[in-house]
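Sequential numbering from 4 applies to the sequence shown in the numbering used here. C-beta: ideal position from N, C-alpha, C; glycine also.
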Amino acid sequence: MASVLTQTTDRPSRTRRARRAGVVGSRAFPYLLILPMLALEAALVVYPILRGALFSLDTPAGLGLDNYRTMLVDPDFWRMIVHTLVFTLSVVVVILAIGLSLSLLMNWSFRGRGVVRSLLTVPWAIPEVPVAITFVLMLDPSFGVFNAFLRFFPGVTENPQWLLDPTLAMLVVIGATVWKGFPFYSLVLLSALQNVPTELYEAAKIDRAGRLAQFRYITLPSIRGTVALLAVLAFIYSTQQFTLIWLITGGGPVDATTTLAPAIYMQAFRFYNFSYAGAIAVVGFGISAVATLCFVLLQRRMETPE
Numbered sequence: 004m005a006s007v008l009t010q011t012t013d014r015p016s017r018t019r020r021a022r023r024a025g026v027v028g029s030r031a032f033p034y035l036l037i038l039p040m041l042a043l044e045a046a047l048v049v050y051p052i053l054r055g056a057l058f059s060l061d062t063p064a065g066l067g068l069d070n071y072r073t074m075l076v077d078p079d080f081w082r083m084i085v086h087t088l089v090f091t092l093s094v095v096v097v098i099l100a101i102g103l104s105l106s107l108l109m110n111w112s113f114r115g116r117g118v119v120r121s122l123l124t125v126p127w128a129i130p131e132v133p134v135a136i137t138f139v140l141m142l143d144p145s146f147g148v149f150n151a152f153l154r155f156f157p158g159v160t161e162n163p164q165w166l167l168d169p170t171l172a173m174l175v176v177i178g179a180t181v182w183k184g185f186p187f188y189s190l191v192l193l194s195a196l197q198n199v200p201t202e203l204y205e206a207a208k209i210d211r212a213g214r215l216a217q218f219r220y221i222t223l224p225s226i227r228g229t230v231a232l233l234a235v236l237a238f239i240y241s242t243q244q245f246t247l248i249w250l251i252t253g254g255g256p257v258d259a260t261t262t263l264a265p266a267i268y269m270q271a272f273r274f275y276n277f278s279y280a281g282a283i284a285v286v287g288f289g290i291s292a293v294a295t296l297c298f299v300l301l302q303r304r305m306e307t308p309e
């Protein structure tokens with residue numbers, strides 16, 4: 004009789020333990036699924052960042068902040084920061100403006116819209132090396148397409164030296180970067196536009212709201228979260244741009260297009276100053292992290308109802 008009572012009283016406790024184990028297991032299961040990805044992320048991203056940060060402290064006298072002190076008084080470093088900001092902000096503004104304009108155009112119903120969307124992905128699908136070679140050939144002062152086109156205009160007597168003038172060279176790398184990346188931003192914004200409820204536009208038409216008013220009070224508020232996210236991606240995309248800048252201008256002329264990524268490469272593999280290159284990389288990572296945080300906070304503020 005006692006054994007029966009013991010078994011009876013043990014069953015609820017075993018049931019509770021089983022339920023508790025099931026709850027804990029169900030909570031831990033998603034984390035177990037992403038554990039391999041987190042381990043891979045730590046091996047390929049976190050460890051190199053920490054290793055680079057430690058490498059930036061390496062000096063002939065041992066570990067120290069000499070590289071960062073040198074950086075603060077190095078005029079070439081601050082010139083590179085200015086070039087990076089000019090390049091990055093220009094790319095972000097232009098690429099979002101073009102992406103939004105094309106997405107609005109492709110959101111309309113017209114014949115051949117599918118063909119236009121397919122052609123739009125061509126620049127994005129072409130690798131960066133062929134894009135850079137194409138731009139160099141088109142901008143050649145002797146036989147380039149750009150100068151041949153300019154000769155049709157009266158008053159143009161000299162061929163512009165696109166890659167030898169500091170201002171023109173910066174405009175060229177900005178244009179090449181925008182041309183390579185704008186299809187992605189256009190397609191993402193097009194997807195966001197297609198998710199805007201059509202009932203809002205129909206109600207606006209009933210209220211006799213014009214296209215500009217619809218864009219301002221319906222379209223922009225509906226896609227501003229996507230725009231903020233794309234601004235972050237465009238900022239990261241432009242600050243990390245290396246291939247196009249290096250192959251088109253090599254960072255020149257006179258370091259006029261030397262931004263963050265080419266500066267790190269030159270310090271490491273041209274001047275063999277690996278610790279100083281690591282310090283520049285750490286500063287660049289900090290700039291990207293702060294800018295991304297600002298964009299995220301701005302996005303949350305915009306999404307918070309007043």
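Where residue i falls, given that 16 or more other Cβ within 10 Å makes a residue buried
i, result
"Thr124", "exposed"
"Ala284", "buried"
"Trp249", "buried"
"Tyr275", "exposed"
"Arg304", "exposed"
"Trp165", "buried"
"Gln197", "exposed"
"Gly254", "buried"
"Val134", "buried"
"Gly184", "buried"
"Phe113", "exposed"
"Ile267", "buried"
"Phe155", "exposed"
"Phe138", "buried"
"Val27", "For Val27, the pLDDT reaches just 49, beneath the cut-off of 50, and the residue's location in the model is therefore unreliable, leaving the point undetermined."
"Leu296", "exposed"
Proximity winner among the options, relative to residue i (alpha-carbon distances)
i, options, result
"Val85", "Pro126, Thr261 and Tyr279", "Thr261"
"Ile251", "Pro265, Thr295 and Tyr279", "Pro265"
"Asp79", "Ile129, Ala259 and Phe155", "Ala259"
"Ser93", "Gln164, Val148, Ser145 and Trp182", "Trp182"
"Asn70", "Ala56, Thr87 and Met83", "Ala56"
"Gly147", "Asn162, Arg211 and Lys208", "Asn162"
"Thr73", "Ala294, Gly281, Leu196 and Val119", "Gly281"
"Arg219", "Gln243, Gly184, Leu107 and Gln270", "Leu107"
"Gln243", "Leu36, Pro33 and Thr87", "Thr87"
"Gly117", "Val286, Tyr34 and Leu190", "Leu190"
"Arg82", "Ser112, Leu263 and Thr62", "Leu263"
"Thr201", "Pro144, Ala271 and Trp111", "Trp111"
Distance CB(residue i)-CB(residue j) smaller than 8 Å
i, j, result
"Arg233", "Leu99", "According to the sequence provided, residue 233 is Leu. The question's Arg does not apply to it. In contact: Leu233 and Leu99 (Cβ atoms closer than 8 Å)."
"Thr180", "Leu247", "yes"
"Val199", "Ser241", "no"
"Phe245", "Ile177", "no"
"Ile52", "Phe298", "no"
"Ala231", "Leu301", "yes"
"Ala172", "Pro256", "yes"
"Pro186", "Trp127", "yes"
"Thr229", "Leu192", "yes"
"Ser278", "Phe58", "yes"
"Phe238", "Ala195", "no"
"Val97", "Met109", "no"
"Leu142", "Val175", "yes"
"Tyr188", "Gly115", "no"
"Val159", "Leu167", "no"
"Gly67", "Leu60", "yes"
Limits of the alpha helix (DSSP H) - the one that residue i falls within
i, result
"Val119", "Arg116 to Leu123"
"Asp79", "Pro78 to Met109"
"Asn198", "That residue, Asn198, is in no alpha helix (DSSP H); it is neither H nor E in DSSP."
"Glu131", "Glu131 to Met141"
"Leu236", "Leu223 to Thr242"
"Thr261", "Segment: none, Thr261 is in no alpha helix (DSSP H) and carries neither H nor E."
"Ala216", "Arg214 to Gln217"
"Pro51", "Tyr50 to Phe58"
"Asp69", "Asp69 to Leu75"
"Asn150", "Val148 to Leu153"
"Leu250", "Thr246 to Ile251"
Residue i beta carbon near the ligand PLP (any heavy atom closer than 7 Å)
i, result
"Pro256", "Among the components modelled here there is no ligand, and therefore nothing to report on the ligand PLP."
field: Length-filtered (4 minimum) alpha helix (DSSP H) runs lying within the stretch 157 to 195
entry: none
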